[in-house]
Amino acid sequence: MYEIDSLDLWRYVISFTKRGFPYTPFLNAGYARRPVIEPHINYDGGDFSPDMIISSPEKWAIIDLTLNPEKDPESVSKYSHLPKNILADIGMKVPRADIKSVIVFGSDNSVNEEKCRGFKSAGVVIGPDGEGNKFYDNKDYLQDDKLRVEFNGIPDSLPPAPTSILAVPETTGKRLRKAIVPVLFLYIESGEKRTFHASEIVTELLGGDERIFSLHSRQKMEGGIRNLLMDAMQELNKKLKKRFITYNQKTEEFTIYTKGLSRTRLHDAITEWSNPAKEAVSTTLDQF
Amino acid sequence: MTSVSEKAINSREEYFSVLEDILEKNYESYEMYGKWKRPHIKNYLIERNEQFDIKKVKENGYKILETEDRGFFRIKNNESENFGFLETERDERIWRFSSFAPSYYSDSFVEKWVTSTRYLDRSWFINSTLATLEKRYIFRGIGLDFYDSLGDAAERNRFSLKMWTSGELEEYQDKILQLLKDKFSRRSLRLQEMEEERSKHLFEVYSNGKVTTTFAKNPTYIMNILSDLITRYKKSLELIEENRGIWGGLIEIRLSEPIPESKLDSLLSFFRKGQNPFRLWMTELEKTEKIHRIYGVDLHTGQKIGLDITKDSIWINMGSGKDDCGNAALRISSLLNSYVLGSAELYVGGVLVV
Chain A
357 MYEIDSLDLW
367 RYVISFTKRG
377 FPYTPFLNAG
387 YARRPVIEPH
397 INYDGGDFSP
407 DMIISSPEKW
417 AIIDLTLNPE
427 KDPESVSKYS
437 HLPKNILADI
447 GMKVPRADIK
457 SVIVFGSDNS
467 VNEEKCRGFK
477 SAGVVIGPDG
487 EGNKFYDNKD
497 YLQDDKLRVE
507 FNGIPDSLPP
517 APTSILAVPE
527 TTGKRLRKAI
537 VPVLFLYIES
547 GEKRTFHASE
557 IVTELLGGDE
567 RIFSLHSRQK
577 MEGGIRNLLM
587 DAMQELNKKL
597 KKRFITYNQK
607 TEEFTIYTKG
617 LSRTRLHDAI
627 TEWSNPAKEA
637 VSTTLDQF
Chain B
26 MTSVSEKAIN
36 SREEYFSVLE
46 DILEKNYESY
56 EMYGKWKRPH
66 IKNYLIERNE
76 QFDIKKVKEN
86 GYKILETEDR
96 GFFRIKNNES
106 ENFGFLETER
116 DERIWRFSSF
126 APSYYSDSFV
136 EKWVTSTRYL
146 DRSWFINSTL
156 ATLEKRYIFR
166 GIGLDFYDSL
176 GDAAERNRFS
186 LKMWTSGELE
196 EYQDKILQLL
206 KDKFSRRSLR
216 LQEMEEERSK
226 HLFEVYSNGK
236 VTTTFAKNPT
246 YIMNILSDLI
256 TRYKKSLELI
266 EENRGIWGGL
276 IEIRLSEPIP
286 ESKLDSLLSF
296 FRKGQNPFRL
306 WMTELEKTEK
316 IHRIYGVDLH
326 TGQKIGLDIT
336 KDSIWINMGS
346 GKDDCGNAAL
356 RISSLLNSYV
366 LGSAELYVGG
376 VLVV
C-alpha cells in the first residue's frame with residue numbers, strides 16, 4: 357500500500373511551523389521559537405534523540421516521526437520522564453511553565469490509538485498526498501490544550517507541503533539522485549572547476565542549515581551521497597565524453613569541470629542520470 | 026543619438042545642473058504648448074549584491090568612469106561622453122542608473138549589462154506595488170503587456186496596450202480599465218503630482234524598475250519618487266529575506282488563474298536552458314497531480330532556489346544564507362505577470378507584498 361514517505365512527513369511537520377501555510381498548528385498554539393531537529397540529550401544516565409523539539413515561553417513539545425509499524429514503544433515512552441530544563445543543554449530557552457507534550461507523527465501503519473498508548477504520546481497521521489489525516493488524543497501526555505484544539509481540527513485534506521528540504525537521512529534511490537541534481541547545478545555555476553566534499557552536499561540538501569539533523573544522520577547521508585557521486589562520475593564522464601567529475605581518494609573530494617559544456621547539455625545529461633528508467637522511487641523505512 | 030552636452034559631466038553638481046536645464050526647458054514647453062522639448066529622463070533601479078565589484082566590470086562597448094564624486098560614475102560609449110550616470114552611494118543595495126539618451130539605447134544597455142552580470146539584477150515592481158503607487162499618486166495611464174509566449178506557437182497571442190488620460194476617467198473608461206486590470210497585471214503606470222492645481226511632475230513607473238520622467242518642476246520631484254521606490258523595494262526585500270530558509274514563512278505567489286499544463290511545460294523549458302528573462306536554471310524534482318517541484322540555481326547570484334508549482338500558487342524555496350537574494354521572488358512574480366493571465370500576487374508569511 358502506498359503511504360507517505362519520511363521526506364514528505366518531515367516536510368509536513370516543517371510546514372506546520374511555516375507562517376503562511378494554510379495549516380500551522382505549532383504557530384497557532386504559540387510555538388514560535390526555532391525548532392531543534394534531532395538533538396542529542398543525555399539525562400539521568402540515558403541517551404535521548406527525539407526527532408524535533410519545539411518550544412514557547414510557557415511550554416514545550418517533543419516530536420517524533422515514524423513510518424515503522426514495529427517501532428519499539430519504549431523508544432518514545434521514555435521521553436515522558438524528561439524535564440524541561442534539559443532544553444538548556446541543547447541551546448534552547450527553558451520555558452517558564454512545564455507544559456509538556458509528546459506527539460508522534462506517522463502513517464496509518466505506524467500510528468494508531470493503541471500505539472499511542474504504548475508511546476505515551478498523542479498521534480497525528482498524515483495520509484498519502486496529505487489526505488485522510490487523523491489525530492489520536494492522549495490527555496496525559498498532550499498537556500497543551502491549544503495544541504489539542506489545533507490537532508482536533510486537522511483537516512482531512514492538506515495541500516502538498518513546501519519542499520523546504522531536498523532530502524532527509526532516510527531518502528535513498530531515485531529521490532536522492534534527483535535531490536542531488538540542483539546541488540550539482542549549483543557547483544557547476546560556481547566556475548569552471550569546483551572541488552567539494554560529500555558532506556557539503558548533505559548541508560545543501562538540508563536547506564543549507566548545518567545545525568539540523570544529528571551528526572550520525574548526516575554521516576549516514578554522506579555515505580549514500582558519496583556512492584551516488586561515484587556512480588555519477590562513471591556514467592556522466594562516459595555520457596559527456598570528457599572528464600566531468602573526478603574523485604581524489606586521499607582527500608575524499610570530488611571535482612567538477614565544466615569548461616566547454618553548455619547548460620542545456622549538462623542539464624540533459626545529469627537529469628538523465630538522475631532518472632534511471634528501471635529504478636523505482638523508494639525510501640527505506642525509518643529506523644529512528 | 027543626441028548628446029545633451031559636449032563636455033563630460035564629472036560630478037553630481039554638473040549632472041544636476043544639466044538635469045535642471047532639461048527639466049526647466051521641458052516644463053516651460055509643457056506649460057506653454059502641452060509638449061516637451063528635450064528627451065525624457067530615464068532612471069533604472071538596479072539591485073546589486075554585495076559581491077558585485079564595479080572595478081571588475083569588463084568593458085563591452087562602454088566604459089564606466091569614476092568622477093570627482095565618490096560613488097558617482099559616468100558611463101561613456103562610442104556615441105556619447107555622457108551616455109549615463111550611475112549613483113552607487115545613495116543606497117548600496119539599490120543603485121540608480123540614469124540616462125538622457127533615448128529609451129532604445131538606455132533600455133538596451135541596462136538589459137544587456139544587468140541580465141548578463143552576476144550579482145546585478147533589475148528591481149522588479151510587482152503588480153501590488155504598482156497598485157499601491159496608483160493610489161498614492163494621480164493616475165494618468167496604464168501599460169499592459171501580455172506575451173503569452175508560453176502558449177502553443179500557432180495560437181500564441183501578444184496583447185499590448187497603453188492607455189493614457191489627462192484627467193478624470195469617464196464612467197465607461199473606468200469600466201474598461203477595471204476589466205483590463207482584472208485580467209492583466211500592470212506593466213507600467215503613468216502618474217502625476219499636482220500642487221495648487223498645477224502639474225509639477227509627470228512620470229511613468231515600469232515593472233522592470235525603470236522610471237521615466239516626462240517633466241518635473243525640478244530634480245527634487247524625481248529624487249523623491251526614486252527615494253520612495255527604493256524604500257518600498259528594500260522593505261519588500263527585507264520581508265522576503267527575513268523569511269528565507271527552512272523555518273521562514275511561506276514565500277508564495279498566489280495565482281488568480283491556474284497555469285495550464287501545456288504552458289507549464291513551456292515555462293520549464295525556459296528553466297532547462299537557464300534562459301532570460303527568468304535567470305533560473307532548474308530541473309524537475311517531482312511531478313504529481315497536486316504539485317510540480319522544480320529546483321536549481323538562481324543565475325543572478327548562483328544560489329539554490331526551488332519552485333513548488335500547484336494549481337493556485339507557486340511557493341519559492343530559498344536558502345537562508347546571506348547570498349540567497351530575495352530579488353528572485355520579486356523577479357519571478359513580476360515576470361509571471363507578463364506570461365500568465367490574471368494576477369500573480371506575492372505573499373510572504375501570509376502577508377501581501379506591496
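In order, the protein sequence lines correspond to chains A and B.
Numbering of the first sequence is given in the numbering used here, commencing with residue 357 and proceeding in unit increments.
Numbering of the second sequence is given in the numbering used here, commencing with residue 26 and proceeding in unit increments.
Where a beta carbon is used, it is the ideal one built from N, C-alpha and C, also for glycine.
As the structure is a prediction and not an experimental result, all values here were calculated from the model.
Where glutamate 277 (chain B) meets chain A, residues with beta-carbon distance less than 8 Å: Gly376
Quick check on threonine 373 (chain A) - is its C-beta less than 8 Å from some C-beta in chain B? yes
Reducing DSSP to helix, strand and coil, say where alanine 369 (chain B) ends up. strand
Assuming arginine 212 (chain B) and glycine 168 (chain B) form a contact by the criterion Cβ under 8 Å, report the distance between their Cβ atoms to the nearest whole angstrom. 5 Å
Cβ distance (whole Å) where leucine 585 (chain A) is taken to contact alanine 554 (chain A) below 8 Å: 6 Å
Contact belief for threonine 385 (chain B) with proline 516 (chain A) at Cβ below 8 Å, rounded distance in angstroms: The structure shown does not extend to residue 385 (chain B), since chain B is modelled only from 26 through 379, so no value can be given for it.
Beta-carbon contacts of valine 318 (chain A) that lie in its chain and below 6 Å, excluding the five residues immediately before and after: Outside the shown range of chain A (357 to 644) lies residue 318 (chain A), about which nothing can therefore be said.
Here's the rule I'm using: 16 or more other beta-carbon atoms within 10 Å means buried, otherwise exposed. How should tyrosine 58 (chain B) be labelled? exposed
Rounded to whole angstroms, what is the Cα-Cα separation between lysine 495 (chain A) and isoleucine 601 (chain A)? In a straight line, the C-alpha of lysine 495 (chain A) is about 55 Å away from that of isoleucine 601 (chain A).
In the DSSP assignment, find the unbroken beta strand (DSSP E) run with serine 431 (chain A) in it and report its ends. Premise fails: serine 431 (chain A) lies in the alpha helix (DSSP H), 430-433, not in any beta strand (DSSP E).
First and last residue of the uninterrupted beta strand (DSSP E) at glycine 374 (chain B): Secondary structure note for glycine 374 (chain B): it is in no beta strand (DSSP E), with a DSSP letter that is neither H nor E.
Residue-level contact to chain A via CB, aspartate 333 (chain B), 8 Å cutoff: It does: the Cβ of aspartate 333 (chain B) has a partner Cβ on chain A nearer than 8 Å.
In terms of residues, what are the limits of the beta strand (DSSP E) holding glutamine 328 (chain B)? Where glutamine 328 (chain B) is concerned, the enclosing beta strand (DSSP E) stretches over 328-334.
Which runs of the alpha helix (DSSP H) spanning at least 4 residues fall entirely within the stretch 229-297 of chain B, listed in chain order? 244-267
Could one say the Cβ of glycine 375 (chain B) lies closer than 8 Å to chain A's Cβ atoms, at least one of them? yes
Leaving aside the five residues before and after glutamate 49 (chain B) along the sequence, list all residues of the same chain whose C-beta is less than 6 Å from its C-beta, in chain order. Same-chain partners within the cutoff: there are none.
Give a yes or no on whether the minimum CB-CB distance between phenylalanine 569 (chain A) and chain B is below 8 Å. no
Complete runs of the beta strand (DSSP E) confined to the stretch 133-196 of chain B [at least 3 residues]: 145-147, 163-171, 184-189
State yes or no: is the beta carbon of serine 345 (chain B) nearer than 8 Å to at least one beta carbon in chain A? yes
From the beta carbon of phenylalanine 600 (chain A), is the nearest beta carbon of chain B less than 8 Å away? no
Backbone CA spacing between serine 345 (chain B) and threonine 559 (chain A) [nearest angstrom]: 12 Å
Should proline 285 (chain B) go down as buried or exposed, given a rule of 16 or more other Cβ atoms within 10 Å for buried? exposed
Only counting runs of 4 or more residues, tell me where the alpha helix (DSSP H) segments fall wholly within the stretch 538-581 of chain A, in order along the chain. 554-561
Which whole-angstrom value describes the C-beta separation of leucine 275 (chain B) and phenylalanine 377 (chain A), a residue pair presumed to lie in contact below a C-beta threshold of 8 Å? 5 Å
Give me the Cα-Cα distance between alanine 636 (chain A) and glycine 529 (chain A), rounded to the nearest whole angstrom. Because the pLDDT of alanine 636 (chain A) is 43, which lies under 50, any placement of that residue in the model is unreliable, and the question is left without a value.
Could you run through the stretch 349-368 of chain B and flag, in chain order, every residue whose CB is less than 8 Å away from some CB of chain A? Asp349
Assigned secondary structure, histidine 226 (chain B) (DSSP; H/G/I helix, E/B strand, else coil): strand
Are the beta-carbon atoms of asparagine 465 (chain A) and phenylalanine 491 (chain A) separated by less than 8 Å? no
Where tyrosine 368 (chain A) and threonine 92 (chain B) are concerned, what is the direct C-alpha to C-alpha distance, given to the nearest angstrom? 55 Å
Glutamine 203 (chain B) - DSSP class collapsed to helix/strand/coil: helix
Phenylalanine 184 (chain B) classed as buried or exposed, judged by whether at least 16 other C-beta atoms fall within 10 angstroms: exposed
Within the continuous alpha helix (DSSP H) that includes threonine 422 (chain A), where are the two ends? Where threonine 422 (chain A) is concerned, there is no enclosing alpha helix (DSSP H), although the beta strand (DSSP E) it sits in stretches over 415-422.
Which class does alanine 588 (chain A) belong to by DSSP, given the choice of helix, strand or coil? Looking at alanine 588 (chain A) - three-state DSSP - the assignment turns out to be helix.
Isoleucine 510 (chain A) - DSSP class collapsed to helix/strand/coil: coil
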